[in-house]
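Heads up, the thing below is written out as structure tokens.
Protein chains: 2
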Amino acid sequence: MAMRKVVERQTGVALWRQIADRIRLAISNGDYDAAGMVPPETVLAGEFGVNRHTVRSALAALAEEGLVRAVQGRGTMIERKERVSYPISKRTRFSQGLGRQVKEIGTQLIGHAEVPASGEIAAALGISPGARLVELRTVSSGDGRPLSVSASYFPADRFPRMAEEYARLGSVTKAFATHGLDDYVRVTTELVARHADADELALLKLSPGAIVMEAQSVNADLEGRPVEFSRTRFAADRMKLKIET
Amino acid sequence: MAMRKVVERQTGVALWRQIADRIRLAISNGDYDAAGMVPPETVLAGEFGVNRHTVRSALAALAEEGLVRAVQGRGTMIERKERVSYPISKRTRFSQGLGRQVKEIGTQLIGHAEVPASGEIAAALGISPGARLVELRTVSSGDGRPLSVSASYFPADRFPRMAEEYARLGSVTKAFATHGLDDYVRVTTELVARHADADELALLKLSPGAIVMEAQSVNADLEGRPVEFSRTRFAADRMKLKIET
DNA sequence: CTCAAATGTCTATTGATCTAGACAAGTGTA
DNA sequence: TACACTTGTCTAGATCAATAGACATTTGAG
Numbered sequence: 000m001a002m003r004k005v006v007e008r009q010t011g012v013a014l015w016r017q018i019a020d021r022i023r024l025a026i027s028n029g030d031y032d033a034a035g036m037v038p039p040e041t042v043l044a045g046e047f048g049v050n051r052h053t054v055r056s057a058l059a060a061l062a063e064e065g066l067v068r069a070v071q072g073r074g075t076m077i078e079r080k081e082r083v084s085y086p087i088s089k090r091t092r093f094s095q096g097l098g099r100q101v102k103e104i105g106t107q108l109i110g111h112a113e114v115p116a117s118g119e120i121a122a123a124l125g126i127s128p129g130a131r132l133v134e135l136r137t138v139s140s141g142d143g144r145p146l147s148v149s150a151s152y153f154p155a156d157r158f159p160r161m162a163e164e165y166a167r168l169g170s171v172t173k174a175f176a177t178h179g180l181d182d183y184v185r186v187t188t189e190l191v192a193r194h195a196d197a198d199e200l201a202l203l204k205l206s207p208g209a210i211v212m213e214a215q216s217v218n219a220d221l222e223g224r225p226v227e228f229s230r231t232r233f234a235a236d237r238m239k240l241k242i243e244t
Numbered sequence: 000m001a002m003r004k005v006v007e008r009q010t011g012v013a014l015w016r017q018i019a020d021r022i023r024l025a026i027s028n029g030d031y032d033a034a035g036m037v038p039p040e041t042v043l044a045g046e047f048g049v050n051r052h053t054v055r056s057a058l059a060a061l062a063e064e065g066l067v068r069a070v071q072g073r074g075t076m077i078e079r080k081e082r083v084s085y086p087i088s089k090r091t092r093f094s095q096g097l098g099r100q101v102k103e104i105g106t107q108l109i110g111h112a113e114v115p116a117s118g119e120i121a122a123a124l125g126i127s128p129g130a131r132l133v134e135l136r137t138v139s140s141g142d143g144r145p146l147s148v149s150a151s152y153f154p155a156d157r158f159p160r161m162a163e164e165y166a167r168l169g170s171v172t173k174a175f176a177t178h179g180l181d182d183y184v185r186v187t188t189e190l191v192a193r194h195a196d197a198d199e200l201a202l203l204k205l206s207p208g209a210i211v212m213e214a215q216s217v218n219a220d221l222e223g224r225p226v227e228f229s230r231t232r233f234a235a236d237r238m239k240l241k242i243e244t
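Top line first, the protein sequences correspond to chains A and B. Using numbering that gives the first Met the number 0, the first residue of the first sequence is number 0, and each one after it goes up by one. Using numbering that gives the first Met the number 0, the first residue of the second sequence is number 0, and each one after it goes up by one.
Rendered as structure tokens:
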């Protein structure tokens, strides 16, 4: 006897999207690992108590994401199931840590600018509001799928060439080194989860209604002086964050 | 000139719900602090490029949550704005840390059982699958609003009276002490964000489509032996997590 | 009091979502 | 090949979401 899985009506979230979310979660939990396929549409329709067409809409959305692939006559196969685990620790460095989970890591600089510090960023970095900052905006991906989009801010007086060096070296750690900073540690990270905005949907290639986890973090040199403030938004259905204390 | 704020159509997420999410975020960011009220419905309708009735649906949902209150003739006032910050560190203890952010903290034991360890939990606790565990299910709230729902698992051989002691003392730390465990530390925390399921919606009194942050964590004694596995789900629109490394 | 500005309520219409049923077409097995 | 099982496609109708416009009601300021 299959358990009736609950979906809610008249909530502003279409049934097909709720069901897509549930199936995505089940895939990532490994619930369908035995067969390597999603249950037949008629079975899912029965479990969720909806029409088969509604389930089809959900599966179509997941196929669009590249998570499953339907084959007429056979069924709907799972193409990808894992969430990438991203470690957050005192020595968080982006490219490390992802390690063997993805074969190929890409980071792309999508923009940079010199901007005045907002009140929030100034407070986090311990500088005065309006002080000059170098802003770097990047997108990171693993095996071709966007994983996160980030905006980082560095005091311009201490790290004036951050944008050029990052563009040349492809690494914040290495760009810091060219300014004479050889080591740094993460001081604080604040995490919030929310729906992605239009910008994030586009950059992360997410389907609308998707969730991002936003981490606001501060890195400091070994004397404790803040050197970087960053706002990284992770595609929540592709990543989990592993906090090491 | 008001900036046009983007909402997406035909995404399975109703416009009114997207707008409700955006307004909730703006409130929590303090964007409307100057006036203490949400902009008039006609202004919001203009900003989002939708009909006033659609904005009204969004505001009705926020009023239902207790976040705003509309008064005819005056406007829509903000009732509550803050997100509670929850610290995650080596010494994470629930009731501390929330500290002065909420006046009154409530934790409610909603159920307990003795269950066999699943493969996942067994691996996390370093015991054999099927070993007996004490399961505690709790809901925590601040100033009357549910903040998190949690399921915790303790090896039954070492902590046989966990459920009774927790019910009596209202604290995991104190219940540990009655079993001769005076100190413990958090070893790992894994974080995932996703849509809340029907159960979580009910327990956390969330409106459907809402987001939860799920933290899976392991606590160990000072010799490094795992003593607790827990799955805590935070209401994402009421909490931020502060990671201290 | 008068008026502008705000929320509250109603009707009507359009498009998206969901249900229902039927049948076509591909796959794997007996 | 015959058959069961699966996904693909089509039509039709019911319900929800969003737009549009009109007007009532309440509040606060002049």
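Cβ coordinates follow ideal geometry from the N, Cα and C atoms, glycine included.
Looking at the backbone, the Cα of B/S84 and that of A/E189 are separated by about 9 Å.
Looking at the backbone, the Cα of A/G143 and that of A/E103 are separated by about 8 Å. In the DSSP assignment, B/S149 falls within the unbroken beta strand (DSSP E) covering 144–154. From the beta-carbon of B/D20, the residues of chain A found nearer than 9 Å are R193, H194. Secondary structure note for A/G45: its alpha helix (DSSP H) is the uninterrupted segment 40–47. Taking one beta carbon from each stretch, the region 63–79 of chain A and the region 111–120 of chain A have fewer than 3 pairs nearer than 8 Å; the two do not touch.
For A/E164, the enclosing alpha helix (DSSP H) covers residues 161–168. Residue range 171–176 is occupied by the alpha helix (DSSP H) that includes B/T172. What B/S149 touches in chain A, judged by beta-carbon distance under 8 Å, is nothing: the nearest beta carbon there is about 17 Å away. As summarised for the region 173–210 of chain B, the continuous beta strand (DSSP E) elements at least 3 residues long and confined to that stretch are 183–194, given in chain order. Residues of chain A with a Cβ closer than 7 Å to the Cβ of B/R16 are, in chain order, G11, V12. For the pair of segments examined, the region 223–235 of chain A was found to touch the region 140–155 of chain A: the number of CB pairs separated by less than 8 Å reaches three. For a Cβ distance threshold of 8 Å, residue set L190, A192, M212 of chain B lies close to A/M212, ordered along the chain.
A/I109 and A/R167 have their C-alpha atoms roughly 14 Å apart. By a beta-carbon distance limit of 8 Å, B/R185 contacts B/S216. Their separation comes to about 6 Å. Taken through DSSP and simplified to helix, strand or coil, B/V54 comes out as helix. Shown here is that no member of the region 37–63 of chain A has a Cβ falling below 7 Å from a Cβ of chain B. In its chain, beyond the 5 residues on either side, P225, F228 have a beta carbon closer than 6 Å to the beta carbon of B/L124. Within its own chain, the residues whose Cβ lies closer than 8 Å to the Cβ of A/S27, once the five positions on either side in sequence are excluded, are K80, E81, R82, D236, listed in chain order. In the DSSP assignment, the residues bridged to B/Q215 are B/E189, B/R230. Contact annotation, B/E199 with B/L205: C-beta distance approximately 7 Å; criterion of less than 8 Å satisfied.
DSSP lists B/T106, B/S147 as the beta-bridge partner residues of B/S139.
The DSSP-derived three-state label of B/I22 is helix. Excluding the 5 residues flanking it on each side, B/P39 has same chain C-beta neighbours closer than 7 Å at G74, in chain order. Using a CB distance cut-off of 8 Å, A/K173 does not count as an interface residue toward chain B. Using beta-carbon distances, A/E222 does not count as an interface residue toward chain B, since no partner is under 8 Å. Nearest to A/A201 by C-alpha distance, out of A/E222, A/R232, A/V54, is A/R232.
In the DSSP assignment, B/E119 falls within the alpha helix (DSSP H) that extends over 118–124. Taking the Cβ atoms as the reference, B/I18 lies roughly 13 Å from B/V67, outside the contact range of under 8 Å. In this structure, B/A197 lies away from B/I210, with their beta-carbon atoms at least 8 Å apart. Under a criterion of Cβ atoms nearer than 9 Å, the residues of chain B adjacent to A/K241 are, in order, T187, T188, E189, L190. Distance from the CA of B/L24 to the CA of B/R51, rounded to the nearest whole angstrom, comes to 20 Å. Interface flag for A/I126 against chain B is unset, since no Cβ pair is found closer than 8 Å.
Nearest in C-alpha terms to B/G179, of all of B/R193, B/R160, B/G169, B/A192, is B/R160.
Per DSSP, the continuous beta strand (DSSP E) segment holding B/R68 begins and ends at 67–70. Within chain A, no C-beta atom comes less than 7 Å from the C-beta of B/S139; the nearest is roughly 18 Å away.
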